[in-house]
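Undergrad: Let me begin by handing over the structure; questions about it come next.
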Amino acid sequence: MKELLNNIIESNRRYTKQGELAAYIPELTKANKDALGVCVTTLDGQEFCAGDCETKFTIQSISKVISLIIALMDNGKEKVFSKVGVEPTSEAFNSITNLETKNLHRPLNPMINAGAIAIVSLIEGENSECVFNKILDFTKKMTGNENLHIDENIYRSEKSTGDRNRSLAYFMKSTGVITKDIDEVLDAYFRQCSIEVTCRDISRIGAVLANDGVIPWNGEKLVPKEIARIVKAIMTTCGMYDESGEFAVNIGLPAKSGVGGGVMAAVPSKLGIGVVGPALDDKGNSSAGIKVLEDLSKKLNLSIF
Ligand code: GLN
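First residue of the sequence shown: -18, per the working numbering; consecutive thereafter.
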């Protein structure tokens, strides 16, 4: 496995040149554009890493999976999906257009920014600090990494430039999708996106989902099986935004990307996979990371279809 991963990383390094760093959050331009790393976690707890697997990056939209799990555990699926839909989008992850035209103002799904911000507003907690601490604690459990913390510079950078997300949130408040204080909701959202991880951490998140919500390394039932199933279904149809269809055809796995360059995949009953490659394609997904997942999926016959 180690040799396979090494070969896949080296043969796909050239694709880092085909992407660009996310620049709309200024601090993200400090990332290493050439980095490419992978980690695989098996359901009996073994780990295999290759390439720049120690590269640190912010979790960004991969955190949307964690907040969705918590919102579902707090509220149940009827309430959550009465506020946020489960349909894929053909628009960019931070698009505002569908909020006005589709689904009676309900954001299309929890993996795009509008849906994810609405999901954070559903997490029970007195203020943004309580909500964020719930998200951070849950992420620590899913990664088995007690040392997780936020990258303060990226948090501040996104908070000071996040006007598109503010627009989405205020629009949703005007239509009644969000009822809480917008500054509080967004503060928790910006913090959750700024949690610093490695591809080992996100590979473990994938492994917990692949294992139906049971933590492979200690046997704890962390996520109810039904919620793990729902989240994997939404990752499959919506996790790579308006590239989810192409990803399903070429790779065929439930996955979630983030603009920090991470991609997390859950191979049901088999593996968790974490990839990092901060150079992004025009949909905001790791350009070389997708190629790594494609090779891995083909070589190990992982597609669920
Ligand atoms: N924090 C980013 C944002 O809200 C997350 C987007 C992403 O990773 N696609 O814009």
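Just so it is clear, CB atoms sit at the ideal spot from N, CA and C, and this is done for glycine as well.
In the structure shown, what three-state DSSP assignment does C34 receive?
TA: Here C34 sits in coil by DSSP.
Undergrad: Run the CB neighbour count on N94, radius 10 Å, all protein chains shown included, and call it buried at 16 or more, exposed below.
TA: It is buried - the Cβ of N94 has at least 16 other Cβ atoms within 10 Å.
Undergrad: Any heavy atom of ligand 1 inside 7 Å of the beta-carbon of E(-16)?
TA: Every heavy atom of ligand 1 is 7 Å or more from the Cβ of E(-16), so no.
Undergrad: For I159 and N(-7), I'd like the C-alpha separation in whole angstroms.
TA: The straight-line gap from Cα to Cα measures roughly 42 Å.
Undergrad: Taking the DSSP output, what are the residues bridged to S44?
TA: DSSP, once it has assigned bridges, lists no residue as partnering S44.
Undergrad: CA-CA distance, K28 and V21?
TA: Going by the sequence as given, residue 28 is Glu instead of Lys. The alpha-carbon atoms of E28 and V21 are separated by roughly 6 Å.
Undergrad: Measuring only from the beta carbon, is Q(-1) closer than 7 Å to any heavy atom that is part of ligand 1?
TA: Answer for Q(-1): no, Cβ out of range of ligand 1.
Undergrad: Ends of the alpha helix (DSSP H) at L103?
TA: Unbroken alpha helix (DSSP H) run through L103: N94 to L103.
Undergrad: Leaving aside the five residues before and after A52 along the sequence, list all residues of the same chain whose C-beta is less than 7 Å from its C-beta, in chain order.
TA: The residues are V61, I100, L103 and I104.
Undergrad: Report back the beta-carbon spacing between P69 and C219 to the nearest angstrom; my notes put them in contact at under 8 Å.
TA: So it is a contact: roughly 5 Å between Cβ atoms.
Undergrad: Nearest to G253 by alpha carbon, out of K14, V19, K(-17) and A12?
TA: The shortest C-alpha separation from G253 is found at V19.
Undergrad: Which residues have a Cβ closer than 6 Å to any heavy atom of ligand 3, listed in chain order?
TA: Of the ligands this structure carries, namely ligand 1, none is ligand 3.
Undergrad: Going along the chain, which residues of its own chain have a beta-carbon closer than 8 Å to the beta-carbon of T78, five neighbours each way excluded?
TA: Here the set comprises E72.
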